[in-house]
Structures are given as C-alpha cells and as structure tokens.
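Sequence lines, in order, name chains F and W.
For the first sequence, the residue numbers in this note's numbering are 17 to 349.
For the second sequence, the residue numbers in this note's numbering are 22 to 349.
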Amino acid sequence: MEEKKDLLLSIENLNFSFDTQRGVVNAVRDLSLTIRKGETLSLVGESGCGKSVTAHSINQLNPMPPGRVDSGSIIFRGQDLLKLKKGEIEKLRGTQISMIFQEPMTALNPVFTVGSQIADVFMTHQGMSKAEAIERTIDLFKLVKIPAPERRVHSYPHQLSGGMRQRAMIAMALASPEPGLMIADEPTTALDVTIQAQILDLLNDLKKEIGMSILLITHDMGVVAEMADRVVVMYAGRKVEESDVFSIFEDPRHPYTLGLLNSLPSNPKYKGAERLEAIAGTVPDMRSIGAGCPFENRCTYATEICGKEFPGETVLDESHSVWCHNYQNVQEG
Amino acid sequence: MSGTKIIEVKDLKKYFTIKREGADDTKSILKAVDGVSLDVYEGEILGVVGESGCGKSTLGKTIMRLHDKTSGEVLYRGKDLFAKDPNAMKEMTLNMQMIFQDPYSSLNPRKKVSQIIGQPLDIHKIGTSEERLERVAELMDEVGLNPKFRTRYPHQFSGGQRQRIGIARALALNPEFIVCDEAVSALDVSVQAQILNLLLDLQKKYGFTYLFIAHDLSVVEFIATRILVMYLGRIVEIADKKELVGNHVHPYTQALFNAFPATDPRARETKKRIVMGDVPSPINPPTGCHFHPRCPYAVEKCRREYPPLKEVSPGHFAACWVVQNDTK
Numbered sequence: 017m018e019e020k021k022d023l024l025l026s027i028e029n030l031n032f033s034f035d036t037q038r039g040v041v042n043a044v045r046d047l048s049l050t051i052r053k054g055e056t057l058s059l060v061g062e063s064g065c066g067k068s069v070t071a072h073s074i075n076q077l078n079p080m081p082p083g084r085v086d087s088g089s090i091i092f093r094g095q096d097l098l099k100l101k102k103g104e105i106e107k108l109r110g111t112q113i114s115m116i117f118q119e120p121m122t123a124l125n126p127v128f129t130v131g132s133q134i135a136d137v138f139m140t141h142q143g144m145s146k147a148e149a150i151e152r153t154i155d156l157f158k159l160v161k162i163p164a165p166e167r168r169v170h171s172y173p174h175q176l177s178g179g180m181r182q183r184a185m186i187a188m189a190l191a192s193p194e195p196g197l198m199i200a201d202e203p204t205t206a207l208d209v210t211i212q213a214q215i216l217d218l219l220n221d222l223k224k225e226i227g228m229s230i231l232l233i234t235h236d237m238g239v240v241a242e243m244a245d246r247v248v249v250m251y252a253g254r255k256v257e258e259s260d261v262f263s264i265f266e267d268p269r270h271p272y273t274l275g276l277l278n279s280l281p282s283n284p285k286y287k288g289a290e291r292l293e294a295i296a297g298t299v300p301d302m303r304s305i306g307a308g309c310p311f312e313n314r315c316t317y318a319t320e321i322c323g324k325e326f327p328g329e330t331v332l333d334e335s336h337s338v339w340c341h342n343y344q345n346v347q348e349g
Numbered sequence: 022m023s024g025t026k027i028i029e030v031k032d033l034k035k036y037f038t039i040k041r042e043g044a045d046d047t048k049s050i051l052k053a054v055d056g057v058s059l060d061v062y063e064g065e066i067l068g069v070v071g072e073s074g075c076g077k078s079t080l081g082k083t084i085m086r087l088h089d090k091t092s093g094e095v096l097y098r099g100k101d102l103f104a105k106d107p108n109a110m111k112e113m114t115l116n117m118q119m120i121f122q123d124p125y126s127s128l129n130p131r132k133k134v135s136q137i138i139g140q141p142l143d144i145h146k147i148g149t150s151e152e153r154l155e156r157v158a159e160l161m162d163e164v165g166l167n168p169k170f171r172t173r174y175p176h177q178f179s180g181g182q183r184q185r186i187g188i189a190r191a192l193a194l195n196p197e198f199i200v201c202d203e204a205v206s207a208l209d210v211s212v213q214a215q216i217l218n219l220l221l222d223l224q225k226k227y228g229f230t231y232l233f234i235a236h237d238l239s240v241v242e243f244i245a246t247r248i249l250v251m252y253l254g255r256i257v258e259i260a261d262k263k264e265l266v267g268n269h270v271h272p273y274t275q276a277l278f279n280a281f282p283a284t285d286p287r288a289r290e291t292k293k294r295i296v297m298g299d300v301p302s303p304i305n306p307p308t309g310c311h312f313h314p315r316c317p318y319a320v321e322k323c324r325r326e327y328p329p330l331k332e333v334s335p336g337h338f339a340a341c342w343v344v345q346n347d348t349k
C-alpha cells in the first residue's frame, strides 16, 4: 500500500490499560496506525476515547504504573520505541519527537524565562553554549512569529498571552536538530478563536517549511478540517474509521463518525433547522466493555452481532477503512 | 425587533478594582462591562458571543444581580432589579434563573440530586415536602434523567447528566427568563448536541426567553434568534441572526466569522488569513475604538474616539466609524 521509505512511525496492535482501584480500564485496544513523512494525521474522538493515551505511549508520557502496555509495538524510524530504555527515549524526546500541549501555562515552568527553557533543549541535546542557545532561540521565535523576539526570550511565561505562550511551546518543539514528529495534543483548545486561527496557520506553514509530520490530537472537527491530511476516528479505545480528510467529512461510513458530524451545529445541513441529530445515550463505562463493538448501545444501525464481536477492517478504497458490521447501511442522511 | 421587553439594560457598567500587592500597592480598574444597553424581548434567544475577557459572562451575571452594578440600570418587566427592597428582589428571582458552564463546580458535591433540584423550592417555601419530592421527580423526567437516581450525588453522574441536573434546578420555579452562561462549552460534542436540543425543546414547550452566552460561534449561530457581539466590555454589533450571519459589517465580527474553523476541508485553500495579534488587556484597553490596533481598516479617528452603536439597517446596529462613514 504505502511505500516503506515514506513511513515515519507505525503503531501496531497496541493494547494499553490502566489498573484502577475499581478494575482494569482498557484505554486503547488493538490499535494500529501509521504516520508518513510530512503528513498531518489527526486522531479524533471525545473525552476518554484513548486518543491522548495513544499519543502519549509514543513518547512514553503515560504514567506507568498504573498504566501498562499489554501488547503491541511502536516502530519509529526502524526501532521499537516500547523496547527502548528510559535514557534512550529521553534523548529521542529532545531530538526527534516533540510535543505541544493544550495548556501552555502548565507546560512551561513559571520560574524560568521562556527563552532559557527553550535554550535548555539546545544545551542538553546539542551541547551548545548558553549564548549560542539563546541566539538560536531568538531565531526560533522569529520563525514562530513572536514579535520583539530579543525582548521576549527574557520574559517569564506569565508575561506572555495565551497565544504567545503557545507559540513559545511550538518554538520549543522545533528546537531539535531534525524535527521528525510533532505530537500536538489539543494545541488550540485553550485559545480564543481568533488566536486559534493564527496558531493553526502557523502549524500548517511550519509543516510545509520544515517537512515535519504532525500527530494532531483533537476533539474539534473544525480543527481537523483545517489541518489534517488523514484522520483516525476513535471511540472508547478502538479505531472505528480511518481515511483521508475529505472522505471523513464527505462520505463517513461509521455510525459514530456520522453521529459526530451530525452533532456539530456548524454542519451545513442545519441551516435554519431547529433540532440537531444528536447521538443518544452516553459513552459506556470503560471497565465493562465486552468483546463487542463499544458503540453498539448508542448505535441506530446495531444488529445482533454488534454486541458479540468487534468487526474486522473493511477496506473501502486505498485510503478509507471502516470497522463496522453494518457500514453498508450508513448513509449520510 | 418588536414585542414585549422582559429585560431592559441601560448603560450598564461593571468595573472591578484589581489590587496589586507589592511595594506600591497599585490599584487598577478592569472595565468588564462598560456602558452596555440592550433589550431582551419575550420569547427570543439572544446570543451573546465574544472571546475571553470581553465581558459576556459579567454581563450575564450582573443582569442576574450576582454582581453588583457599578452604574446603569437593569429592569425586569419595567421594575428595577437593583431595588433595595429584598422582597421585591425575591419575587423577581422567581422568574429569572441561570444555567452555569461547569457542571462540576456549580453543583454542591455534598448534596443529593433531589436536594439540589429541590433547593429553590425550599428557599421560596413552595409546597409541602411531599409535593416538592413529586416536583423533583417531574423535573428530572423533564430533563431526561431517571427520577430513581434522585438519591445519588453529583459525582455519580457524567458531565452531560450533571448539566441536566443544573437545568432541572433552573426550571424548578417555572421561570420565564434564563441566562445560559456557556451552558454547553464544557461538554463533548455529542453530548453538547443533546443539551442544545433539550434547551430548545424546553423553550418551545414553556416559551422561555434565553440570554445565551457562549464563545462558540457555531453554537450561538444555531440556537439564537438574535446575536450580540461583544469586544472588551462593549457591544460592537447586534442584529437578528439571519442579518448578522449574512451581513456582518463590524471588522471584529468579520474576523470572528473568518477565524471560526469551517467543517469543510475543501474550504482550506480559499480561506482568508487573519493577521491581527492578540486581544489587548481589558485593564488598559486601547484608546478610541478598543479594536483599532487589530483592525485592518482603522483610521485616525478610530484611535481617538470610541464609536457609538448606530443603526446601519433596520434592527442592525454596529459601533464602527468606518461602517458609519464618519471618519473625519
């Protein structure tokens, strides 16, 4: 299907669970995905669907214990990340896999200037002197369009606005010698919409300029539409649909994907409408999901088999797959 | 816009004093709501939209008298809401209720659901205790909660269910005016859609009037009948939904609509870019029109004087010198 040399990262059959006081939560089940060089893959789903756990298992930021990898592998540039030692993964985090978080205020250390925090990355991983590192940080601030960069490197996080802090976080993520993968976990969720638009534009520009890949985690279908090349839709720990961005919006074949799009008040079909087609019910308790499809209890297309076994992959075309027993019946209404 | 006015807000101001502890103990004034006038008509859903710090929540809370005003007037059916008489106030609060953003912090974790929903009835001493229990069951049923869960505590419910509890509490006294302050913002999209439907169903059934405050343009665009846009404490544009969506004239409203991500990946290529920096601090807003440092059309006058809110077409008001053709 895809050429091997284009492949940057592949997750194969990942199972990740958390031991809690009230039982085992299978946060991610049998999940596989690939990210190619230079593309933006969006992992989309609602709270608790396992999208962040999946992303955090790449750079191993999940707390372990209580979390544990039950099986699977994560191959990045030919090596299995799950087999690396702690020091090796730390090195990778500073050089090839970077991350930006939802809330830049909590991701930055409040008692150090933003410039020195970013310079740390250069000093630790590339052995630069402090002066040299600050110089490079100023360059990065220019790249992410922070005004007055020479002054801003000496600012503390609280002196910057939310949008500027997120730009500083992006600059930190770019402070690697060969940017490979940027994991962006809800990068604009905490920002106002006019600031969000500017940050999304910036990320899209940087992706083109630098040729990095982005794993974008979001619950916002609007952000997906603005940024993604390909989309993986998750529900209750499972991948339910995967496709190029256009097919997800124009020809969704999983009942959950369709429900998600129908839940958006901005869906063009609701011009002048007085009701939304909401998905009934709520997400099931993650501790008590059986072998069947986790969406079965909310699905209007469900049949007897859905409660018994999770469906296998149906390949609709080379870029579009769905995991649903009744996908043939799903039509955009 | 015609009809009966439920709420009249006249030149309302709400300032907060910010104290800075330190050597100089400086005080600064945050003008959260700075001279807002508006009318809310019976049966409408007036959407209030704007970014963080624009004063939309403070406006809602001051209308509910959860904040004291700095100056100006709020009238409920012609009666002064800030009247000193506590009995008159109590009578008015029977008819006005509020639904909050965060279903986690707006419900007392130590109280059972039946106590939370029944509390307004207790406070206003309505009915016997049996009647109150019956009313609680009825309210739970109304908002889509199973009444048999009434002895549970808030933490035993999901976010969407908790928001339903908050709505049931707001309905308990049969109000006619409800302020929804970011009532669906904390919810996942699929749950958000359920709650929006519930709010609309209830409005149709009981003829409620909503002041619907939200930062999410798509939600306001869907639910509201009239939309008001705020920026740094002031109204910049207000019009009927159809007019505002189709023909927004204020540069800030235009930027807001432009910035909102379309749910169409094919629209990416043709999308206009906005380069306009950050929202300034409401503590020291820019002189003249607060929006001028970010505005692509700003002229000399915009830096000097704040534009008044003027009618640009019937029922459509905007506060912008350029739109009003008055730039001298």
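The C-beta atom is built at its ideal place from N, Cα and C for all residues, glycine as well.
1. Note down, one range per segment and in chain order, each alpha helix (DSSP H) of at least 4 residues found wholly within the segment 105-184 of chain W.
2. Under 8 angstroms between C-beta atoms, does residue 18 of chain F make it to chain W?
3. Kindly indicate which residue of W/28, W/75 and W/337 has the alpha-carbon position closest to the one of residue 84 of chain W.
4. Take the Cβ of residue 80 of chain W as the centre, count every other Cβ of all protein chains shown within 10 Å, and call the residue buried at 16 or more, exposed below.
5. Give the residues of chain W in contact with residue 177 of chain F, contact being defined as C-beta atoms less than 8 angstroms apart.
6. When you compare the CB positions of residue 311 of chain F and residue 343 of chain F, do they come within less than 8 angstroms of one another, or not?
7. Is residue 206 of chain W helix, strand or coil when you go by DSSP?
8. Within 10 Å of its beta-carbon, does residue 262 of chain W have 16 or more other beta-carbons around it, so buried, or fewer, so exposed?
9. Within a Cβ cutoff of 6 angstroms, which residues of the same chain sit near residue 73 of chain F, ignoring the five residues on either side of it in sequence?
10. Excluding the 5 residues preceding and the 5 following residue 205 of chain F in the sequence, name in chain order all residues of the same chain whose CB lies nearer than 6 angstroms to its CB.
11. Can you tell which of W/287, W/239 and W/308 has its C-alpha closest to the C-alpha of residue 286 of chain F?
12. If we ignore side chains and look at the alpha-carbon of each, how far apart do residue 280 of chain F and residue 336 of chain W end up?
13. Are the CB atoms of residue 309 of chain W and residue 294 of chain W within a distance shorter than 8 angstroms?
14. Does residue 73 of chain F come out as helix, strand or coil in the three-state DSSP assignment?
15. Quick check: the segment 38-52 of chain F against the segment 208-219 of chain F, are there 3 or more CB pairs under 8 angstroms?
16. Quick one: Cα of residue 233 of chain F to Cα of residue 49 of chain F, how far?
17. Which residues does DSSP list as the beta-bridge partners of residue 38 of chain W?
18. Residue 339 of chain F to residue 257 of chain F, Cα distance in whole Å?
19. Name, please, each residue of chain F whose Cβ falls closer than 7 angstroms to the Cβ of residue 203 of chain W.
20. What is the residue span of the beta strand (DSSP E) that residue 80 of chain F lies within?
21. Assign residue 76 of chain F to one of two classes, buried (16 or more other C-beta atoms within 10 Å of its C-beta) or exposed (fewer than that).
22. Could you tell me whether any Cβ in chain F is nearer than 8 angstroms to the Cβ of residue 15 of chain W?
23. Pairing CB atoms from the segment 200-215 of chain W with CB atoms from the segment 115-126 of chain W, are three or more of them under 8 angstroms?
24. Classify residue 132 of chain F as helix, strand or coil using the three-state DSSP reduction.
25. If we ignore side chains and look at the alpha-carbon of each, how far apart do residue 353 of chain F and residue 326 of chain W end up?
26. Strictly under 8 angstroms for the Cβ-Cβ distance: is residue 306 of chain F near chain W by that measure?
27. Is residue 349 of chain F helix, strand or coil when you go by DSSP?
28. For residue 333 of chain F, which residues does DSSP report across the bridge?
29. Tell whether a beta-carbon distance below 8 angstroms holds between residue 70 of chain F and residue 245 of chain F.
30. Count Cβ pairs between the segment 139-157 of chain W and the segment 208-220 of chain W that sit closer than 8 angstroms; are there 3 or more?
31. Name, please, each residue of chain W whose Cβ falls closer than 7 angstroms to the Cβ of residue 12 of chain F.
In terms of the structure at hand:
1. If only complete runs of 4 or more residues are kept, the segment 105-184 of chain W shows the alpha helix (DSSP H) at 107-114, 134-144 and 150-163, in order along the chain.
2. Bear in mind that the predicted position of residue 18 of chain F carries a pLDDT of just 46, short of 50, making it too unreliable to give a figure here.
3. Nearest of W/28, W/75 and W/337 to residue 84 of chain W, Cα basis: W/28.
4. By the C-beta density criterion, residue 80 of chain W is buried, having at least 16 other C-beta atoms within 10 angstroms.
5. Neighbours of residue 177 of chain F on chain W, chain order: 299 and 300.
6. No.
7. Residue 206 of chain W: coil per DSSP, three-state reduction.
8. Around the Cβ of residue 262 of chain W, a 10 Å sphere holds 16 or more other Cβ atoms; the residue is buried.
9. Beyond the five residues adjoining it in sequence on each side, residue 73 of chain F comes within less than 6 angstroms, by CB distance, of 32 in the same chain, given in chain order.
10. Correct list, in chain order: 118.
11. The candidate whose alpha carbon is nearest that of residue 286 of chain F is W/239.
12. Distance between the alpha carbons of residue 280 of chain F and residue 336 of chain W is about 29 angstroms.
13. Not closer than 8 angstroms, so no.
14. Three-state result, residue 73 of chain F: helix.
15. The count of Cβ pairs closer than 8 angstroms, one atom from the segment 38-52 of chain F and one from the segment 208-219 of chain F, stays below three, leaving the stretches out of contact.
16. Going by the C-alpha atoms only, they are around 13 angstroms apart.
17. According to DSSP, which records beta bridges pairwise, residue 38 of chain W is partnered with W/50.
18. Rounded to the nearest whole angstrom, the C-alpha separation of residue 339 of chain F and residue 257 of chain F is 6 angstroms.
19. Chain F residues near residue 203 of chain W: none, gap ~13 angstroms exceeds 7 angstroms.
20. It is not in any beta strand (DSSP E) - residue 80 of chain F carries neither H nor E in the DSSP assignment.
21. Answer is buried; the Cβ neighbour count reaches 16.
22. Residue numbering for chain W in the displayed model covers 22 to 349; residue 15 of chain W lies beyond these limits and cannot be assessed.
23. These segments touch.
24. Three-state DSSP puts residue 132 of chain F in a helix.
25. This structure cannot speak to residue 353 of chain F, because chain F is shown only from 17 to 349.
26. False, the Cβ-Cβ gap to chain W never drops below 8 angstroms.
27. Residue placement at residue 349 of chain F is flagged as unreliable, the pLDDT there being 47, under the threshold of 50; the coordinate-derived value follows with that caveat. Assigned with DSSP and collapsed to three states, residue 349 of chain F falls in coil, not helix or strand.
28. For residue 333 of chain F, which the question treats as bridged, DSSP gives the partners F/336.
29. With contacts defined as CB atoms closer than 8 angstroms, residue 70 of chain F and residue 245 of chain F fail to qualify as a contacting pair.
30. The way I'd put it, the segment 139-157 of chain W doesn't touch the segment 208-220 of chain W; fewer than three beta-carbon pairs between them come closer than 8 angstroms.
31. Here chain F covers residues 17 to 349 and nothing more, so residue 12 of chain F does not appear.
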